[in-house]
Amino acid sequence: MQPSEQPAARKKLTPVMRQYEDAKALHPDAILFFRMGDFYEMFNDDAVLVSRALNLTLTSRNKGEPDESPMAGVPHHAAHGYIARLLALGHKVAICEQCGDPSKIKGLVPRQVVRVVTPGLVTETEQLDARANHYLAAVDGGGVPRGDALGAGGPYGLSLLDLSTGELSATSVPDAATLLAELARADPREALIARDLPDVRAAAASLACRAALRDDEELDSAQVASILDDAAIEPISAAALAEHPLPAVRAAARALRFARRCSPGARIPVRRIAPHDTSGTLRIDETAQAHLELVRAADGGRRGTLLDVIDCTVTPGGARLLRRRLLSPLADLAGIRRRLDEVELFVSHPRARGELRQALGGVGDLERLSVRALLGEATPRDLGLLRDGLTAAPAAIAAVRSIPDLGKAAARSDDGAAARGKDGAAARGEEGAAAGSSSEPLLAEAAALDVVADVCAELTAALIERPPPNTREGGIFREGYDKELDDARGVEKNATELILALEAKLRTQTGAPSLRVKYTRVFGWYIEVTRAHIAKVPDTFRRKQTVATGERYTSDELDELADKIEHAGARALERETALFDRLRALVAKSEGRLRALARKLAAWDVAAALADVAHRNDYVRPHVTAGEALAIRDGRHPVVERYAAAGHFVPNDTRLDLSGERLWLITGPNMAGKSTLMRQVALIVVLAQMGSYVPAREAEIGLVDRILSRVGASDNVARGESTFMVEMRETAEILRDATRRSLVILDEIGRGTSTYDGLAIAWAVAEHLFDAIGCRALFATHYHELTELSARAPGIANYSVAAREHGDDVIFLHKLEAGPASRSYGVAVARLAGVPEGVLARARAILATLESGAALPGGKHASLRGRTRGGAAQLDLFAPAQAAVPPEQSAVIETLRAVDVDRLAPLDALRLVAKLKGLLGGG
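Our numbering puts the first residue of the sequence shown at 66, with every later residue one more than the last.
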């Protein structure tokens, strides 16, 4: 429509459609849910989009008329489900409500957009994962003009806002790689990226996280302070600018500006910008997260992840905190030891741990419930859950206080003995004792913790045992809580008794025994007196109607009672609504105290849960040091031993030391457990530095600054990358980001290209890790030539995962041994996978030919170095081979010798004969 045509077109709109167009003009990038009676209606392009996305019926407004327009709608009581589906698709939804009761308003009901819901700004319980944070991320370029953003380097500002919990954190990162790693770690549902960072947005789009990406408009640094103070629940700009670098503050301002625009009638429940210091955490990038399956398995689910194994928290807040700690382990020795001290305290006192966990089971999600109250979104059921949680909190505190000698510091240490999980004995490392180093702060916390008893008492006095999900039908408050409400309820409940009482009273006053108080839909309530007693009617009665048997009257007393009866339900509901608003405001005023309580209970929940995992699974307290050694005795993979090994996991020892053996070359057959071994070492480091016990008999963990991995083979069709390209890109990132303090695990470098190319790349990568970076690394390979690297430096060592041959079978022992493997047993593994025997027989024959150095069919010799059964390289492979028989006959003979007749099925035998005939040139 041209601008000159708009006024004329607008004149043709009905008043309601003008309201719609005005609201849509304010939020052109959102789908407008326009409230009309019991439905939310969508029009024009929004209707078409929603009908396709949600499979709704598309109708038309003014069908057949020149101004016909598409239309679709959903019932208002079911809107949350439809909105959730649209948010999952990345859409924004603007909710336009009726501002007033249509039954009490003459003319057009006013409407306005009360909220814009986006994928990152969700507070409805049904749309949230209770056990994970729901982040809106914002990325800022620091106010520095940029061309090629990725090439220009940092700093970049990154903020994370969880509206449902009121948490806002921010940091400044030095480069794009760190920025993308932090985005992948946070896994936000929505990300605002400064409009002048198009390359950052393109790179973020390639991440595996689920974020809906949006360009964010320019931000004037002069407006940052006012944005922070206007959007947050209290002024925060002064502290933010003093405590955080400018890029971080700018990113926080972007997040708050966006959130405030989406909630125009409310302040954002943020009281401070928490620091998010990436230098103080163990860096785990997107690739390592995926390879280690920390929180998401290969199939996208939770089962089979490390989080699935260690998360036995009993509160939603505890589950969220545990997840954050798992994804952001500490690189600070003192912080790690404090966490381990708390876990050890609960390992040492199983009775207190059990009582605490039982009490915490009734706490619920105090954090999110209090924020919903502050936002004015809490329902009666929410306040009931909040009351139940506050009621359970004192029992949790009592459980902590019940720990014997909690306040006595006892400086104890031993040499890293383990906690025996079955009997609950405490594991105490050199870095601190269980009760000694953590008991005093824990006691202080328990003694000073505010359980918000005044709010709990008010909620207990006010609410019924199981409050309803909304205020529409009433029935929220206890009898006796409010006299006015009780009176209204009494009139509604006892209307018949009240009418009968009035009737008896009027009979007595008039002396007319035939007097009756009756009701009809036409006349309402009235007093009927028969003709025989009309003379007794007092002057205060007003005649309403004459009937054949007498007269009908009314009186002020009857009119007043009739009005009370007629409007008792509405008055009770109106009073309940007012009382509920007041009660919710009381909770909102105490939101800060409630969140402080929730945070502390969540920390206790995490410590007790990790202690319970250690007790049940026989984990040990790790000895975390500032040293350079990574020594694990009888280490186990926490996930494999839970799900795959079923009590038969074979533990292994590992020792990597920057001053000793720091690069292990691991060989052995497929399926023997090389990848499991490497991953278990990485997972043990993650557990130790997040403050958890670890699956081992003993563990000494010299601090690691980042974990880098390249495991498995996969392509990325969406990026246009082949399997080998993905492998090389991941390898390049490792070589770029690794430091001397890093732990690197590499599984099969160079297998996606030719033998010489792959071996050359693998060799060069191993040398670079050892010589240039000097980090601790585990390198698994099937290139047996690579094992000769151990001869060039004492810091490179060969290890292999043991396997034994039994006839044509191979038995995997899953035990790590010193020295290289003699073979890879690939043909044996192929047989386990079900490859037909004829193909296996031919493979054995070809393998024997290649290992002996015989000529290939074209006359050239194999470009491979054979190995003896003892594993020694045969260096004379390239000498001319002597063929005693023609090559085609030799191939047939070798194939026949390799056939296992006992395993040959009839159909495989026929195929084998056909193959042999083909080798001899017989068709």
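Glycine included, every Cβ here is placed at the ideal spot set by N, Cα and C. Note that the structure is a prediction, hence the values are computed from the model and not measured.
- Between residue 568 and residue 548, the alpha-carbon positions lie close to 26 Å from each other.
- Here the alpha carbons of residue 893 and residue 899 stand approximately 10 Å from one another.
- Under DSSP, residue 696 takes part in a beta bridge, and its partners are 720 and 765.
- DSSP links residue 583 through a beta bridge to 591.
- For a cut-off of 8 Å, the C-beta gap from residue 730 to residue 805 is around 19 Å, too long to register as a contact.
- Within the model, the alpha-carbon separation for residue 727 versus residue 839 is close to 8 Å.
- Here residue 843 is near residue 719, since their CB atoms are less than 9 Å apart.
- Contact check between the region 174-186 and the region 321-334: three or more CB pairs, one atom from each, fall below 8 Å, which counts as touching.
- Residue range 80-91 is occupied by the alpha helix (DSSP H) that includes residue 87.
- The alpha-carbon separation between residue 333 and residue 816 amounts to approximately 52 Å.
- Where residue 609 is concerned, there is no enclosing alpha helix (DSSP H), although the beta strand (DSSP E) around it starts and stops at 607-612.
- Residue environment for residue 120: exposed (fewer than 16 other C-beta atoms within 10 angstroms of its C-beta).
- When the beta-carbon positions are compared, residue 425 and residue 662 stay at least 9 Å from each other.
- Collapsing the DSSP output to three states places residue 98 in a strand.
- In terms of CA proximity to residue 909, 965 leads the group 965, 186, 390 and 565.
- Spatial neighbours of residue 198 in its own chain (CB-CB distance under 6 Å, excluding positions within 5 residues in sequence) are listed in chain order as 227 and 385.
- Per DSSP, reduced to three states, the secondary structure at residue 970 is coil, with no helix or strand assignment.
- From the listed residues 529, 734 and 200, the smallest Cα separation to residue 877 is found for 734.
- Of all C-beta pairs linking the region 765-772 to the region 688-700, three or more are shorter than 8 Å, placing the two stretches in contact.
- For the set 623, 457, 196 and 267, the Cα lying nearest the Cα of residue 582 is the one of 623.
- Between residue 202 and residue 245 a beta carbon distance of about 11 Å is seen, past the 8 Å cut, so the two are scored as non-contacting.
- Residue environment for residue 164: exposed (fewer than 16 other C-beta atoms within 10 angstroms of its C-beta).
- Per the Cβ contact rule, the region 365-381 is not in contact with the region 277-286 (fewer than 3 Cβ pairs under 8 Å).
- Every unbroken stretch of the beta strand (DSSP E) spanning 3 or more residues and falling wholly within the region 169-245 is given here in chain order: 176-182, 201-205, 221-227 and 232-238.
- In the structure shown, residue 429 adopts coil according to DSSP, grouped into three states.
- Cβ-Cβ distances below 8 Å link residue 118 to 150, 151, 154 and 156 in the same chain, with the five nearest sequence neighbours on each side left out; the list follows chain order.
- Taking a 10 Å sphere around the C-beta of residue 544, we find fewer than 16 other C-beta atoms and assign the residue as exposed.
- When Cβ pairs closer than 8 Å are counted between the two stretches, the region 611-628 is seen not to touch the region 401-420, the count staying below three.
- Note on residue 717: 16 or more other CB atoms within 10 angstroms of its CB, so buried under the neighbour-count rule.
- A Cβ-Cβ separation of about 3 Å places residue 222 in contact with residue 312 under the 8 Å criterion.
- Ranked by Cα distance from residue 346, the options 976, 975, 771 and 399 are led by 771.
- Membership of residue 136 in the beta strand (DSSP E) is indicated by the continuous run 134-140.
- By the Cβ neighbour-count rule, residue 903 is buried, with 16 or more other Cβ atoms within 10 Å of its own.
- Just measuring C-alpha positions, the residue of 241, 229, 797 and 224 sitting nearest residue 257 is 224.
- Secondary structure note for residue 161: its beta strand (DSSP E) is the uninterrupted segment 158-163.
- Every alpha helix (DSSP H) of 4 residues or more that sits fully in the region 830-912 is shown, in chain order, as 891-897.
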